[in-house]
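Residue numbers (our numbering): 1364 to 1764. Some notes on the structure that comes next.
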Amino acid sequence: MDNLWIATELFYPEQTSTSFILTKIANRLSEKYSVKVICGQPVYDKKEEKMSAFTLNSEVSVHKIKGFSGDKNSLVFRSFRLVFLSFSIFFYLLKNMKKEEKLLIVTNPAPLILLISILKVLKKIELVILVHDVFPENTVPAGILKSNSLLYKFIKKIFAKAYSKADKLIVLGRDMQSVLEEKIRRYTDTSKICIIENWGDVRGIYPIPKEEALNSTSLPTDKIIFQYAGNIGRVQGLIELLKVIKSVDNEKLIFYFVGDGAVKKEMLDYVKFHQMKNVYFDEAYSREDQLFVLNRADVAFVSLAQGMFGLGVPSKTYNILASGKPLLYLGEENSEIDLLIKEKNVGYSFRNDQINEMIHFFNHFDEKAITDLEHKKNNARKLAENHYSEEIILNKFYNII
(Lines of atoms letter the chains of each structure in order from A and count residues from 1; the text may use other names and numbers.)
(Lines give C-alpha, C1' and ligand atoms only; values in the text may rest on other atoms or scores of the structure.)
Protein backbone atom coordinates (compact mmCIF):
# COMPACT_ATOMS: atom_id res chain seq x y z
CA MET A 1 0.00 0.00 0.00
CA ASP A 2 1.15 3.55 -0.72
CA ASN A 3 1.79 5.85 2.22
CA LEU A 4 -0.58 8.69 3.07
CA TRP A 5 0.67 11.15 5.68
CA ILE A 6 -1.76 13.29 7.69
CA ALA A 7 -0.52 16.34 9.63
CA THR A 8 -2.82 18.09 12.11
CA GLU A 9 -2.75 19.93 15.41
CA LEU A 10 -5.53 17.79 16.93
CA PHE A 11 -6.17 14.06 16.58
CA TYR A 12 -7.55 11.09 18.49
CA PRO A 13 -8.38 10.90 21.42
CA GLU A 14 -9.24 14.64 21.40
CA GLN A 15 -13.01 15.09 21.00
CA THR A 16 -12.96 18.50 19.33
CA SER A 17 -14.53 18.66 15.88
CA THR A 18 -11.20 18.88 14.01
CA SER A 19 -9.83 15.83 15.81
CA PHE A 20 -13.03 13.84 15.32
CA ILE A 21 -13.19 14.64 11.60
CA LEU A 22 -9.49 13.91 10.93
CA THR A 23 -9.65 10.63 12.85
CA LYS A 24 -12.68 9.46 10.88
CA ILE A 25 -10.99 10.44 7.61
CA ALA A 26 -7.82 8.57 8.62
CA ASN A 27 -9.84 5.46 9.43
CA ARG A 28 -11.63 5.53 6.08
CA LEU A 29 -8.49 6.19 4.04
CA SER A 30 -6.63 3.38 5.82
CA GLU A 31 -8.69 1.07 3.61
CA LYS A 32 -6.52 2.03 0.61
CA TYR A 33 -3.40 3.67 2.12
CA SER A 34 -0.89 2.99 4.84
CA VAL A 35 -1.87 6.03 6.94
CA LYS A 36 0.72 7.78 9.11
CA VAL A 37 -0.43 10.66 11.32
CA ILE A 38 1.76 13.34 12.85
CA CYS A 39 0.04 15.60 15.40
CA GLY A 40 0.30 17.45 18.71
CA GLN A 41 -0.31 16.13 22.19
CA PRO A 42 -3.89 16.41 23.53
CA VAL A 43 -4.81 19.93 24.64
CA TYR A 44 -8.54 19.82 25.34
CA ASP A 45 -9.21 16.16 26.25
CA LYS A 46 -6.22 14.70 28.04
CA LYS A 47 -7.89 11.50 29.14
CA GLU A 48 -8.71 8.86 26.58
CA GLU A 49 -12.38 7.98 26.94
CA LYS A 50 -13.91 4.86 25.48
CA MET A 51 -16.51 5.86 22.92
CA SER A 52 -18.28 3.40 20.68
CA ALA A 53 -18.64 6.02 17.93
CA PHE A 54 -15.07 7.29 18.13
CA THR A 55 -12.23 4.80 17.81
CA LEU A 56 -8.97 4.69 15.90
CA ASN A 57 -8.19 1.86 13.51
CA SER A 58 -5.17 -0.15 14.64
CA GLU A 59 -3.71 0.15 11.11
CA VAL A 60 -3.30 3.92 11.51
CA SER A 61 0.16 4.87 12.81
CA VAL A 62 0.29 8.00 15.03
CA HIS A 63 3.31 10.05 16.15
CA LYS A 64 2.59 12.79 18.70
CA ILE A 65 4.88 15.78 19.06
CA LYS A 66 5.75 16.54 22.67
CA GLY A 67 4.56 19.98 23.65
CA PHE A 68 4.10 22.06 26.79
CA SER A 69 1.18 23.05 28.96
CA GLY A 70 -0.45 26.44 29.34
CA ASP A 71 -3.71 28.37 29.06
CA LYS A 72 -5.38 27.22 25.84
CA ASN A 73 -7.50 30.42 25.80
CA SER A 74 -4.39 32.63 25.92
CA LEU A 75 -3.64 34.05 22.48
CA VAL A 76 0.08 34.36 23.26
CA PHE A 77 0.44 30.79 24.51
CA ARG A 78 -1.61 29.35 21.67
CA SER A 79 0.38 31.26 19.02
CA PHE A 80 3.70 30.13 20.50
CA ARG A 81 2.49 26.53 20.75
CA LEU A 82 1.29 26.45 17.13
CA VAL A 83 4.56 27.85 15.78
CA PHE A 84 6.55 25.30 17.78
CA LEU A 85 4.25 22.47 16.69
CA SER A 86 4.43 23.53 13.03
CA PHE A 87 8.23 23.48 12.95
CA SER A 88 8.30 20.15 14.81
CA ILE A 89 5.92 18.56 12.29
CA PHE A 90 7.84 20.04 9.37
CA PHE A 91 11.21 18.65 10.47
CA TYR A 92 9.68 15.25 11.26
CA LEU A 93 8.14 15.05 7.79
CA LEU A 94 11.32 16.36 6.15
CA LYS A 95 13.21 13.49 7.74
CA ASN A 96 10.64 10.73 7.27
CA MET A 97 8.64 11.44 4.11
CA LYS A 98 9.86 10.04 0.82
CA LYS A 99 9.71 11.82 -2.49
CA GLU A 100 6.33 11.91 -4.23
CA GLU A 101 4.41 10.53 -1.25
CA LYS A 102 0.99 11.98 -0.48
CA LEU A 103 0.30 14.40 2.40
CA LEU A 104 -3.04 15.63 3.77
CA ILE A 105 -2.90 18.61 6.11
CA VAL A 106 -5.65 20.60 7.79
CA THR A 107 -5.40 24.35 8.34
CA ASN A 108 -4.55 23.92 12.04
CA PRO A 109 -1.82 24.78 12.85
CA ALA A 110 -1.77 27.63 10.32
CA PRO A 111 2.04 28.17 10.22
CA LEU A 112 2.39 24.61 8.94
CA ILE A 113 0.81 25.68 5.62
CA LEU A 114 3.85 27.86 4.88
CA LEU A 115 6.34 25.20 5.91
CA ILE A 116 4.65 22.43 3.94
CA SER A 117 4.76 24.56 0.78
CA ILE A 118 8.55 24.44 1.20
CA LEU A 119 8.45 20.69 1.81
CA LYS A 120 6.49 20.25 -1.42
CA VAL A 121 9.28 21.89 -3.39
CA LEU A 122 12.01 19.93 -1.61
CA LYS A 123 10.40 16.49 -1.90
CA LYS A 124 7.89 16.94 -4.72
CA ILE A 125 5.13 15.49 -2.55
CA GLU A 126 1.45 15.47 -3.52
CA LEU A 127 -0.22 17.96 -1.21
CA VAL A 128 -3.90 18.09 -0.22
CA ILE A 129 -5.06 20.86 2.13
CA LEU A 130 -8.35 20.46 4.01
CA VAL A 131 -9.44 24.04 4.67
CA HIS A 132 -11.36 24.37 7.93
CA ASP A 133 -10.31 27.99 8.51
CA VAL A 134 -8.91 30.54 6.08
CA PHE A 135 -5.81 32.16 7.61
CA PRO A 136 -4.99 35.02 8.05
CA GLU A 137 -8.37 36.40 6.95
CA ASN A 138 -10.04 34.85 10.01
CA THR A 139 -7.85 36.92 12.34
CA VAL A 140 -9.59 40.16 11.29
CA PRO A 141 -13.12 39.42 12.59
CA ALA A 142 -11.47 37.86 15.67
CA GLY A 143 -9.88 41.25 16.40
CA ILE A 144 -6.33 39.90 16.27
CA LEU A 145 -5.08 41.74 13.16
CA LYS A 146 -6.34 44.81 11.28
CA SER A 147 -7.06 44.40 7.56
CA ASN A 148 -5.28 47.67 6.68
CA SER A 149 -2.05 46.86 8.54
CA LEU A 150 1.16 46.13 6.67
CA LEU A 151 1.70 42.99 8.74
CA TYR A 152 -1.69 41.57 7.74
CA LYS A 153 -1.14 42.35 4.05
CA PHE A 154 2.27 40.68 4.12
CA ILE A 155 0.98 37.55 5.88
CA LYS A 156 -2.02 37.35 3.55
CA LYS A 157 0.25 37.46 0.50
CA ILE A 158 2.64 34.71 1.62
CA PHE A 159 -0.22 32.46 2.74
CA ALA A 160 -2.02 32.90 -0.57
CA LYS A 161 1.09 31.72 -2.37
CA ALA A 162 1.40 28.75 0.02
CA TYR A 163 -2.22 27.70 -0.53
CA SER A 164 -1.66 27.85 -4.29
CA LYS A 165 1.07 25.19 -4.02
CA ALA A 166 -1.46 22.51 -3.06
CA ASP A 167 -2.45 19.91 -5.62
CA LYS A 168 -5.97 19.89 -4.15
CA LEU A 169 -7.80 22.24 -1.81
CA ILE A 170 -10.83 20.78 -0.07
CA VAL A 171 -13.25 23.39 1.29
CA LEU A 172 -16.40 23.10 3.39
CA GLY A 173 -18.83 25.23 1.40
CA ARG A 174 -19.59 27.41 -1.60
CA ASP A 175 -18.67 30.64 0.17
CA MET A 176 -15.28 29.25 1.17
CA GLN A 177 -14.72 28.04 -2.39
CA SER A 178 -15.21 31.57 -3.76
CA VAL A 179 -12.85 33.04 -1.13
CA LEU A 180 -10.11 30.48 -1.93
CA GLU A 181 -10.52 30.94 -5.69
CA GLU A 182 -9.95 34.66 -5.27
CA LYS A 183 -7.08 34.04 -2.86
CA ILE A 184 -4.98 31.84 -5.16
CA ARG A 185 -5.98 33.31 -8.57
CA ARG A 186 -2.85 35.45 -8.75
CA TYR A 187 -0.56 32.46 -8.38
CA THR A 188 -2.19 29.63 -10.32
CA ASP A 189 -4.59 29.07 -13.20
CA THR A 190 -5.29 25.50 -12.19
CA SER A 191 -8.75 24.79 -10.81
CA LYS A 192 -8.13 22.44 -7.91
CA ILE A 193 -10.74 23.41 -5.32
CA CYS A 194 -13.47 20.94 -4.43
CA ILE A 195 -16.24 21.04 -1.82
CA ILE A 196 -16.64 18.30 0.78
CA GLU A 197 -18.98 19.31 3.58
CA ASN A 198 -18.77 18.10 7.16
CA TRP A 199 -21.20 15.40 8.25
CA GLY A 200 -23.71 14.65 10.97
CA ASP A 201 -23.73 11.54 13.13
CA VAL A 202 -27.15 10.31 11.98
CA ARG A 203 -26.78 7.02 13.86
CA GLY A 204 -25.68 8.36 17.22
CA ILE A 205 -27.68 11.61 17.12
CA TYR A 206 -31.40 11.56 16.38
CA PRO A 207 -34.57 13.22 17.67
CA ILE A 208 -35.69 12.26 21.19
CA PRO A 209 -38.46 13.88 23.28
CA LYS A 210 -37.39 17.25 24.64
CA GLU A 211 -38.71 16.37 28.11
CA GLU A 212 -36.38 13.35 28.23
CA ALA A 213 -33.38 15.48 27.24
CA LEU A 214 -34.20 18.06 29.93
CA ASN A 215 -34.43 15.53 32.77
CA SER A 216 -30.93 16.19 34.14
CA THR A 217 -31.19 20.00 33.95
CA SER A 218 -32.89 22.78 35.89
CA LEU A 219 -34.25 24.36 32.71
CA PRO A 220 -37.99 25.04 32.60
CA THR A 221 -39.87 22.53 30.44
CA ASP A 222 -42.66 24.89 29.35
CA LYS A 223 -40.48 27.33 27.39
CA ILE A 224 -39.21 27.51 23.81
CA ILE A 225 -35.47 26.98 24.07
CA PHE A 226 -33.06 28.73 21.71
CA GLN A 227 -29.73 27.03 22.32
CA TYR A 228 -26.11 27.70 21.43
CA ALA A 229 -23.88 24.67 22.07
CA GLY A 230 -20.17 24.65 21.28
CA ASN A 231 -17.08 26.83 21.46
CA ILE A 232 -17.85 30.22 23.01
CA GLY A 233 -15.10 31.96 21.10
CA ARG A 234 -14.14 35.23 19.47
CA VAL A 235 -15.56 34.63 15.99
CA GLN A 236 -19.08 33.49 16.93
CA GLY A 237 -20.50 36.98 17.56
CA LEU A 238 -22.12 35.89 20.84
CA ILE A 239 -21.68 39.15 22.75
CA GLU A 240 -23.61 40.87 19.95
CA LEU A 241 -26.27 38.17 20.22
CA LEU A 242 -26.65 38.87 23.95
CA LYS A 243 -27.25 42.54 23.16
CA VAL A 244 -30.16 41.48 20.96
CA ILE A 245 -31.53 39.12 23.61
CA LYS A 246 -31.47 41.96 26.16
CA SER A 247 -34.20 43.67 24.14
CA VAL A 248 -36.40 40.58 23.78
CA ASP A 249 -39.68 40.68 25.68
CA ASN A 250 -41.29 37.29 25.11
CA GLU A 251 -41.91 35.18 28.17
CA LYS A 252 -42.31 32.04 26.05
CA LEU A 253 -38.58 32.01 25.20
CA ILE A 254 -35.34 31.25 27.02
CA PHE A 255 -31.77 31.34 25.69
CA TYR A 256 -29.35 28.59 26.67
CA PHE A 257 -25.57 28.70 26.09
CA VAL A 258 -23.65 25.45 26.55
CA GLY A 259 -19.87 25.33 26.32
CA ASP A 260 -16.70 27.15 27.20
CA GLY A 261 -14.31 29.53 25.49
CA ALA A 262 -12.52 32.86 25.37
CA VAL A 263 -15.58 35.13 25.74
CA LYS A 264 -17.69 33.10 28.18
CA LYS A 265 -16.69 35.16 31.23
CA GLU A 266 -17.56 38.35 29.37
CA MET A 267 -20.97 36.86 28.54
CA LEU A 268 -21.58 35.83 32.14
CA ASP A 269 -20.64 39.32 33.34
CA TYR A 270 -22.92 40.94 30.74
CA VAL A 271 -25.92 38.81 31.77
CA LYS A 272 -25.30 39.46 35.46
CA PHE A 273 -24.87 43.22 34.98
CA HIS A 274 -28.09 43.53 32.98
CA GLN A 275 -29.98 41.07 35.23
CA MET A 276 -31.16 39.01 32.26
CA LYS A 277 -33.50 36.34 33.64
CA ASN A 278 -34.11 34.58 30.31
CA VAL A 279 -30.48 33.48 29.76
CA TYR A 280 -28.99 30.24 31.09
CA PHE A 281 -25.47 28.83 30.91
CA ASP A 282 -24.03 25.33 31.17
CA GLU A 283 -20.56 23.81 31.08
CA ALA A 284 -18.79 22.23 28.11
CA TYR A 285 -20.03 18.77 27.20
CA SER A 286 -18.43 15.63 25.80
CA ARG A 287 -19.20 14.16 22.40
CA GLU A 288 -21.00 11.32 24.18
CA ASP A 289 -23.45 13.86 25.65
CA GLN A 290 -24.42 15.42 22.33
CA LEU A 291 -27.60 13.38 21.88
CA PHE A 292 -29.16 14.84 25.01
CA VAL A 293 -27.61 18.32 24.79
CA LEU A 294 -28.78 18.95 21.21
CA ASN A 295 -32.27 17.60 21.92
CA ARG A 296 -32.82 20.16 24.70
CA ALA A 297 -33.25 22.82 22.02
CA ASP A 298 -36.29 23.81 20.04
CA VAL A 299 -34.08 25.94 17.79
CA ALA A 300 -30.27 25.83 17.64
CA PHE A 301 -28.06 28.86 17.06
CA VAL A 302 -25.24 28.71 14.53
CA SER A 303 -23.39 32.01 14.42
CA LEU A 304 -20.36 33.65 12.87
CA ALA A 305 -19.20 37.20 13.50
CA GLN A 306 -19.36 39.97 10.92
CA GLY A 307 -16.61 39.55 8.31
CA MET A 308 -16.49 35.73 8.48
CA PHE A 309 -17.92 35.15 4.99
CA GLY A 310 -16.21 32.12 3.48
CA LEU A 311 -13.76 31.78 6.38
CA GLY A 312 -15.42 28.86 8.14
CA VAL A 313 -18.47 26.59 8.09
CA PRO A 314 -19.46 25.53 11.63
CA SER A 315 -19.29 21.73 11.82
CA LYS A 316 -21.92 21.72 14.58
CA THR A 317 -24.52 22.47 11.87
CA TYR A 318 -24.70 18.89 10.65
CA ASN A 319 -25.20 17.26 14.05
CA ILE A 320 -27.92 19.80 14.77
CA LEU A 321 -29.64 18.69 11.58
CA ALA A 322 -29.19 15.05 12.63
CA SER A 323 -31.00 15.80 15.90
CA GLY A 324 -33.93 17.17 13.89
CA LYS A 325 -33.55 20.73 15.15
CA PRO A 326 -34.06 23.83 12.99
CA LEU A 327 -31.17 26.26 12.72
CA LEU A 328 -31.12 29.94 13.53
CA TYR A 329 -28.14 31.31 11.65
CA LEU A 330 -26.55 34.67 12.41
CA GLY A 331 -23.93 35.62 9.86
CA GLU A 332 -23.16 36.82 6.38
CA GLU A 333 -25.71 36.57 3.58
CA ASN A 334 -25.01 33.89 0.92
CA SER A 335 -22.67 31.99 3.21
CA GLU A 336 -23.01 28.20 3.06
CA ILE A 337 -25.34 27.91 6.08
CA ASP A 338 -27.46 30.84 4.91
CA LEU A 339 -27.88 29.17 1.50
CA LEU A 340 -28.63 25.80 3.09
CA ILE A 341 -31.42 27.25 5.24
CA LYS A 342 -33.02 29.11 2.35
CA GLU A 343 -32.76 26.22 -0.12
CA LYS A 344 -33.87 23.41 2.21
CA ASN A 345 -36.24 25.24 4.64
CA VAL A 346 -34.46 24.02 7.77
CA GLY A 347 -34.48 27.19 9.85
CA TYR A 348 -34.12 30.95 9.96
CA SER A 349 -31.31 33.24 8.84
CA PHE A 350 -30.36 36.79 9.78
CA ARG A 351 -27.43 39.04 8.96
CA ASN A 352 -25.44 40.27 11.97
CA ASP A 353 -26.68 43.83 11.42
CA GLN A 354 -30.39 42.89 11.33
CA ILE A 355 -30.82 43.71 15.00
CA ASN A 356 -34.37 45.08 14.83
CA GLU A 357 -35.47 42.17 12.62
CA MET A 358 -34.09 39.65 15.13
CA ILE A 359 -35.79 41.35 18.06
CA HIS A 360 -39.08 41.36 16.13
CA PHE A 361 -38.62 37.66 15.28
CA PHE A 362 -38.10 36.68 18.91
CA ASN A 363 -40.88 38.90 20.25
CA HIS A 364 -43.39 37.48 17.74
CA PHE A 365 -42.45 33.82 18.11
CA ASP A 366 -45.94 32.50 18.85
CA GLU A 367 -48.16 29.44 18.30
CA LYS A 368 -48.05 29.87 14.52
CA ALA A 369 -44.23 29.84 14.61
CA ILE A 370 -44.29 26.73 16.79
CA THR A 371 -46.41 24.93 14.18
CA ASP A 372 -43.90 25.89 11.48
CA LEU A 373 -41.12 24.47 13.68
CA GLU A 374 -42.46 20.93 13.25
CA HIS A 375 -42.15 21.16 9.47
CA LYS A 376 -38.60 22.48 9.72
CA LYS A 377 -37.66 19.73 12.20
CA ASN A 378 -38.70 17.02 9.72
CA ASN A 379 -36.79 18.74 6.92
CA ALA A 380 -33.65 18.95 9.08
CA ARG A 381 -33.52 15.24 9.90
CA LYS A 382 -34.23 14.16 6.32
CA LEU A 383 -31.52 16.47 5.00
CA ALA A 384 -28.94 15.01 7.39
CA GLU A 385 -29.86 11.45 6.45
CA ASN A 386 -29.94 11.98 2.68
CA HIS A 387 -27.02 14.38 2.14
CA TYR A 388 -24.79 14.73 5.21
CA SER A 389 -24.37 11.30 6.73
CA GLU A 390 -20.90 10.11 7.72
CA GLU A 391 -20.89 7.42 5.05
CA ILE A 392 -21.82 9.81 2.24
CA ILE A 393 -19.18 12.41 3.17
CA LEU A 394 -16.35 9.95 3.91
CA ASN A 395 -16.95 8.32 0.53
CA LYS A 396 -16.23 11.72 -1.04
CA PHE A 397 -12.86 11.85 0.74
CA TYR A 398 -12.11 8.27 -0.30
CA ASN A 399 -12.80 9.08 -3.96
CA ILE A 400 -10.95 12.43 -4.08
CA ILE A 401 -7.76 11.69 -2.11
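Note that beta-carbon positions come from the ideal geometry of N, C-alpha and C, so glycine has one too. This one's a predicted model, so the numbers in the text were calculated from it and none came from an experiment.
Where the beta strand (DSSP E) containing residue i begins and where it ends
| i | result |
| --- | --- |
| Gln1378 | Gln1378 -> no beta strand (DSSP E), and no H or E assigned at all. |
| Ile1369 | Asn1366 to Thr1371 |
| Lys1399 | Ser1397 to Gly1403 |
| Leu1690 | Leu1690 to Leu1693 |
Continuous alpha helix (DSSP H) stretch holding residue i: start and end
| i | result |
| --- | --- |
| Ile1763 | Glu1753 to Ile1763 |
| Lys1628 | Lys1627 to Phe1636 |
| Ser1451 | Leu1438 to Asn1459 |
| Val1656 | Gln1653 to Leu1657 |
| His1426 | His1426 -> not in any alpha helix (DSSP H); beta strand (DSSP E) instead, spanning Ser1424 to Ile1428. |
| Ile1476 | Pro1474 to Lys1486 |
| Val1607 | Leu1601 to Ile1608 |
| Ile1595 | That residue, Ile1595, is in no alpha helix (DSSP H); it is neither H nor E in DSSP. |
| Leu1702 | Glu1699 to Lys1707 |
| Thr1680 | Lys1679 to Ala1685 |
For residue i, three-class secondary structure by DSSP
| i | result |
| --- | --- |
| Lys1465 | strand |
| Ala1668 | coil |
| Phe1644 | strand |
| Ala1660 | coil |
| Leu1616 | strand |
| Val1534 | strand |
| Leu1674 | coil |
| Ile1388 | helix |
| Glu1394 | coil |
| Leu1490 | strand |
| Ile1587 | strand |
| Val1621 | strand |
Cβ shell of residue i (< 6 angstroms), same chain only, five flanking positions each side left out
| i | result |
| --- | --- |
| Val1642 | Phe1618 and Val1634 |
| His1426 | Ile1401 |
| Tyr1779 | In the structure as shown, the chain starts at 1364 and stops at 1764, and residue 1779 therefore has no counterpart that could be examined. |
| Phe1450 | none |
| Leu1684 | Gly1563, Ala1743, Leu1746 and Ala1747 |
| Tyr1681 | Asn1561, Trp1562, Gly1563 and Tyr1751 |
| Glu1489 | Lys1465 and Asp1530 |
| Ile1518 | Pro1499 |
Same chain only: Cβ atoms within 8 angstroms of residue i, ignoring 5 sequence neighbours per side
| i | result |
| --- | --- |
| Leu1448 | Glu1372, Gly1403, Ile1428, Gly1430, Pro1472 and Leu1475 |
| Asp1623 | Asn1594, Ile1595, Glu1646 and Ala1647 |
| Gly1675 | His1495, Asp1496, Val1497, Asn1501, Leu1535, Met1539, Val1598 and Leu1667 |
| Leu1736 | Asp1661, Val1662 and Pro1689 |
| His1738 | Asn1708 |
Presumed contact (8 angstroms Cβ cut-off) between residue i and residue j, rounded CB distance
| i | j | result |
| --- | --- | --- |
| Ile1602 | Val1626 | 6 angstroms |
| Ser1541 | Gly1694 | Not quite, the Cβ-Cβ distance comes to about 15 angstroms (not below 8 angstroms), so this is no contact. |
| Ile1384 | Lys1531 | Going by Cβ atoms, the distance from Ile1384 to Lys1531 rounds to 17 angstroms, so no, they are not a contact pair. |
| Leu1508 | Gly1567 | Rounded, the Cβ-Cβ distance is 38 angstroms, inconsistent with contact. |
| Ile1556 | Glu1544 | 6 angstroms |
| Lys1573 | Arg1659 | 7 angstroms |
| Lys1514 | Val1491 | In the sequence under discussion, the amino acid at residue 1514 is Leu, which differs from the Lys named in the question. About 29 angstroms; that fails the 8 angstroms criterion. |
Cutoff 7 angstroms; reference residue i; Cβ partners in own chain excluding five residues on either side
| i | result |
| --- | --- |
| Asn1742 | Lys1707, Asn1708 and Val1709 |
| Phe1725 | Val1611, Asn1613 and Leu1616 |
| Asn1697 | Asp1538 |
| Tyr1396 | Met1364, Asp1365, Asn1366 and Leu1367 |
**Request:** Entirely within the region 1493–1532 and at least 4 residues each: give me those alpha helix (DSSP H) ranges in chain order.
**Result:** 1513–1527
**Message:** Ignoring anything shorter than 3 residues, give me the beta strand (DSSP E) runs that lie fully in the region 1545–1584, in order along the chain.
**Reply:** 1556–1558
**Asked** What are the uninterrupted segments assigned as alpha helix (DSSP H) that are 4 or more residues long and contained completely in the region 1711–1739, given in chain order?
**Response** 1718–1726
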